[in-house]
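Per the working numbering: the sequence shown = residues 429 to 639.
Every residue gets a Cβ at the ideal spot worked out from N, C-alpha and C, and that includes glycine.
Report on one structure; see the data block that follows.
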Amino acid sequence: MYSEILLEGVKGVLIDLDDTIYKYETCHRYSLEICMKKLSEESGLDIEACIGIYTNCRKQINTQLHGQAASHSRLLYFQLIWEKINGRTDFAKTLEFEKLYWDTFITRMQVETEALHFLNLCFEKKIPVVIVTDLTTEIQLRKIIQLKIEHYIKFIVSSEEAGEEKPGAKPFNYALNKLGLTSTEVIMVGDNDDKDRIGAENAGIRYYHPF
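And the structure:
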């Protein structure tokens, strides 16, 4: 838990973004609902059919690009969705739906109180913070700015930049290199055991769950 994180002797903090600093699922569900309603209206398909197509296309992209940041790309999801519906790429609608999803998502975001307190504590103690996150850099930058936490963050390392998703070693090594620190001098905070905990422990970094 944030309240149990020990910062004594810590020279740097690595921290996850999604579901660690804000709640991802609430934003995602709302954005997806808006997009599916619009998809239903424009395609003539019912909501259930639209959700089914979205789910299948997401799984296809996830499988095709497993372990890469692009596996989470809503742009690729919606490109494939419209190709399934229309039998060809719809360039305008692909861009339109990706923008609708993320614009809606980002406006729903709120920083978690405990996370903000922790970031402020690091700031006061002059401990540099690196966000280590999966997904693409552009979207994660937009989230950080929307949450108004950029002044707490010294660096970001995305899986797009590192070329590998957590729990792979590259994102953690990139973060350590940016800080100029060793694994024993930093801690990792993140909600996902499979990605954050295992990745940190494999890198020799002390791990904390935020909640």
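- Give the C-beta separation of Leu725 and Phe551 to the nearest angstrom, bearing in mind that I take them to be a contact with Cβ-Cβ under 8 Å. The first residue shown for the chain is 429 and the last is 639, placing residue 725 beyond what the model contains.
- Message: With H, G and I counted as helix, E and B as strand and the rest as coil, what does DSSP make of Thr541?
- Response: Correct three-state label for Thr541: helix.
- Give the secondary structure of Thr612 by DSSP, where H, G and I count as helix, E and B as strand, and everything else as coil. In the displayed model, Thr612 falls within a helix according to three-state DSSP.
- Message: Please tell me whether Glu593 and Asp562 are closer than 7 Å, where the distance is taken between their beta carbons.
- Response: Going by C-beta atoms, Glu593 is nearer than 7 Å to Asp562.
- Query: Do the CB positions of Ile633 and Val614 come within less than 7 Å of each other?
  - Reply: Against a cut-off of 7 Å, the Cβ pair of Val614 and Ile633 comes out as a contact.
- Report the option in Lys553, Thr565 and Arg570 whose CA atom is closest to the CA atom of Arg536. Taking only the C-alpha atoms, the option nearest Arg536 is Arg570.
- Item | Nearest neighbour of Leu435, chosen from Lys554, Glu578, Phe506 and Asn514 [CA to CA] | For the residues Lys554, Glu578, Phe506 and Asn514, the minimum Cα distance to Leu435 belongs to Lys554.
- Task: Classify Ile573 as buried or exposed, calling it buried when 16 or more other Cβ atoms lie within 10 Å of its own Cβ.
- Result: By the 10 Å Cβ count, Ile573 comes out exposed.
- C-alpha gap between Met464 and Leu445, whole angstroms: Straight-line Cα distance between these residues: approximately 26 Å.
- Query: With 16 other CB atoms within 10 Å as the buried threshold, where does Leu440 fall?
  - Reply: For clarity, residue 440 is Gly in the given sequence; the question names Leu instead. Around the beta carbon of Gly440, 16 or more other beta carbons sit within 10 angstroms, so the residue counts as buried.
- Task: Please report how far the alpha carbon of Gly627 lies from the alpha carbon of Ala597, in whole angstroms.
- Result: Looking at the two C-alpha atoms, the distance is approximately 7 Å.
- Task: Starting from Arg634, trace the beta strand (DSSP E) both ways and give me its first and last residue.
- Result: In the DSSP annotation of this structure, the continuous segment of the beta strand (DSSP E) that includes Arg634 starts and ends at Arg634 to Tyr636.
- Message: Quick check on Ser586: does DSSP put it in helix, strand or coil?
- Response: Strand at Ser586.
- Can you say whether Thr522 is buried or exposed, counting buried as having 16 or more other CB atoms within 10 angstroms of its CB? Thr522 comes out buried.
- Between the CA atoms of Asn630 and Met429 - distance to the nearest angstrom: Near 21 Å, if we compare the C-alpha coordinates of Asn630 and Met429.
- Message: Let me make sure I understand the geometry here. Which of Arg502, Asp447, Gln488 and Gly437 has the alpha-carbon closest to that of Asp621?
- Response: Sorting Arg502, Asp447, Gln488 and Gly437 by C-alpha distance to the C-alpha of Asp621 places Asp447 at the top.
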